[in-house]
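Numbering (our numbering), first residue to last: 3 to 310.
Structure, as structure tokens:
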């Protein structure tokens, strides 16, 4: 494992990780010793052992480690168990001394739910055949229909958030069908009992006018990734499009959505909300509302190239 020249208090780990805005976020929040570390999959065990023995409060986890890091941890919160993915590691020191315990959290779920709330996304009603809200006569469920593009760690958090938000149908489309099947099986095992109103299924193709919200949980549109068309040509009037990609802020997915007159949400708010939740986990600090406004202004200036 390559040696890093200093020992930060906290970091984001991934591969690649140079695109991450997490260092800018946490430095704005006053965490001056925060870095972005490019960690290969085969280096995860050695790195998490460092967390136990060195002076860390924790780290953020991004692609491709959100699922692979789980065997390296001692405990998972209920959110991390539900998602089957971790985006925050908390280093929990023992009063008796000895090796610290590593706790896996998923603050992406919180970030998604806060973004829904902030933008007025309500998934609990369902449009009936004549456009009214009500019960879905076909399956007897209340709740609207969501389509997730992707089936990785981010998609798992989205699926968990959608169940918590009251969605009736969560459909998963992924380029790798086996990965989509694995996500739906995980949801059936971990979410079905507590959220019986939500049904999960895999899509072989995305039908026209089929959803109330479309969510991109793939890296498509991110710098360095191609920009395939995901949305169907025909969509429901009043439907939403939510892209977890935040750099660039105006993604190809959202441009597709605007052409279809969908209501659009970018990934920046979710990124900030999950970071504020992470700060609370590590430092037990609650953030005032102005902090989010300050962060969003700062990040937008970085994305636009006006600041680094």
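Yeah, the Cβ is synthetic: ideal placement off N, Cα and C, and Gly gets one too.
Enclosing alpha helix (DSSP H) for residue 302 [first to last residue]: In the chain shown, the residue the question calls residue 302 occupies position 300. Here the alpha helix (DSSP H) through residue 302 covers 291-305.
From the DSSP output, in three-state form, read off residue 112 for me. To locate residue 112, count along the chain shown from 1; it is residue 110. Three-state result, residue 112: helix.
Rounded to whole angstroms, what is the Cα-Cα separation between residue 236 and residue 147? On the chain shown, position 234 is the one that residue 236 refers to. On the chain shown, position 145 is the one that residue 147 refers to. Each residue's Cα considered, the two are about 15 angstroms apart.
Cβ distance (whole Å) where residue 217 is taken to contact residue 159 below 8 angstroms: Against the chain shown, residue 217 aligns to sequence position 215. Against the chain shown, residue 159 aligns to sequence position 157. Not really, about 10 angstroms apart at Cβ, beyond 8 angstroms.
Just to confirm my understanding: we take residue 266, look at its own chain, exclude 5 residues before and 5 after, and list those with CB closer than 7 angstroms. What are they? The residue labelled residue 266 in the question sits at position 264 within the chain shown. So the qualifying residues of the chain are 243, 256, 259, 260.
Contact between the region 43-63 and the region 84-102 (3+ Cβ pairs under 8 angstroms): yes
Residue 155: first and last residue of the uninterrupted beta strand (DSSP E) it sits in: Here residue 155 is taken as the residue at index 153 of the chain shown, counted from 1. Taken as a continuous stretch (DSSP letters only), residue 155 belongs to no beta strand (DSSP E), being part of the alpha helix (DSSP H) at 155-167.
Comparing C-alpha positions only, which one of 176, 103, 207, 145 sits nearest to residue 1? The structure shown does not extend to residue 1, since the chain is modelled only from 3 through 310, so no value can be given for it.
In chain order, what residues of the same chain have a beta carbon less than 7 angstroms from the beta carbon of residue 297, not counting five sequence neighbours either side? As a first step, residue 297 must be located in the chain shown, where it is residue number 295. Excluding residues within five positions, the ones whose Cβ falls inside 7 angstroms are 27, 30, 274.
Assign residue 48 to one of three DSSP states: helix, strand, or coil. Taking the chain shown and counting its residues from 1, one reaches residue 48 at position 46. Correct three-state label for residue 48: helix.
So, are the CB atoms of residue 93 and residue 75 less than 8 angstroms apart? For the purposes of this step, residue 93 is identified with residue 91 of the chain shown, where counting begins at 1. For the purposes of this step, residue 75 is identified with residue 73 of the chain shown, where counting begins at 1. Result no, Cβ atoms of residue 93 and residue 75 do not sit closer than 8 angstroms.
Residues sharing a beta bridge with residue 21, DSSP: For the purposes of this step, residue 21 is taken as residue 19 along the chain shown, with counting starting at 1. Bridge partners of residue 21: none, in fact.
Give the single residue among 221, 264, 263 whose Cα lies nearest to the Cα of residue 247. Counting from one through the chain shown, the residue named residue 247 turns up at place 245. Of the listed residues, the one whose Cα sits closest to residue 247 is 221.
Pair within 8 angstroms by beta-carbon distance, residue 311 and residue 219: Residue 311 lies beyond the residue range present for the chain, which begins at 3 and ends at 310; the question has no answer from this structure.
Going by DSSP, which residues form a beta bridge with residue 266? What you label residue 266 is simply residue 264 of the chain shown in a count that begins at 1. Looking at the DSSP assignment, residue 266 forms a beta bridge with 243.
What is the rounded straight-line gap between the Cα of residue 48 and the Cα of residue 286? Here the question's residue 48 lines up with position 46 in the chain shown. Here the question's residue 286 lines up with position 284 in the chain shown. In a straight line, the C-alpha of residue 48 is about 28 angstroms away from that of residue 286.
According to DSSP, residues forming a beta bridge with residue 175: Taking the first residue of the chain shown as 1, we reach residue 175 at position 173. Residue 175 pairs with 151.
To which residues of the same chain is residue 132 closer than 6 angstroms at the C-beta, ignoring the five residues directly before and after it? What you label residue 132 is simply residue 130 of the chain shown in a count that begins at 1. Note that residue 132 has pLDDT 34, beneath the 50 cutoff, so the model's placement of it is unreliable and the number below is only indicative. Nothing meets the Cβ criterion.
Since residue 11 and residue 58 should fall inside the 8 angstroms C-beta cutoff, what is the C-beta to C-beta distance between them, to a whole number of angstroms? As a position in the chain shown, residue 11 is number 9, starting the count at 1. As a position in the chain shown, residue 58 is number 56, starting the count at 1. Between residue 58 and residue 11 the Cβ distance is about 7 angstroms, and since that is below 8 angstroms, they are a contact.
Relative to the C-alpha of residue 55, which residue among 233, 200, 96 is closest? Residue mapping note: residue 55 aligns to position 53 of the chain shown, counting from 1. Comparing Cα positions, the closest option is 96.
Secondary structure of residue 183, DSSP reduced to three states: In the chain shown, residue 183 corresponds to position 181, counting from 1. Residue 183: helix per DSSP, three-state reduction.
For residue 216: DSSP bridge partner residues: Translated into positions along the chain shown, residue 216 becomes position 214. Residue 216 pairs with 149, 243.
If you check the beta carbons only, do residue 201 and residue 170 fall under 8 angstroms apart? Counting from one through the chain shown, the residue named residue 201 turns up at place 199. Counting from one through the chain shown, the residue named residue 170 turns up at place 168. In this structure, residue 170 lies closer than 8 angstroms to residue 201 by Cβ.
Could you check whether the region 173-186 touches the region 111-125, counting it as contact only if at least three pairs of C-beta atoms, one from each stretch, sit closer than 8 angstroms? no
What is the DSSP secondary structure of residue 256, reduced to helix, strand or coil? Looking up residue 256 in the chain shown gives position 254. Helix.
How big is the Cα-Cα spacing for residue 302 and residue 240? Locating residue 302 in the chain shown gives position 300, counting from the first residue. Locating residue 240 in the chain shown gives position 238, counting from the first residue. Going by the C-alpha atoms only, they are around 27 angstroms apart.
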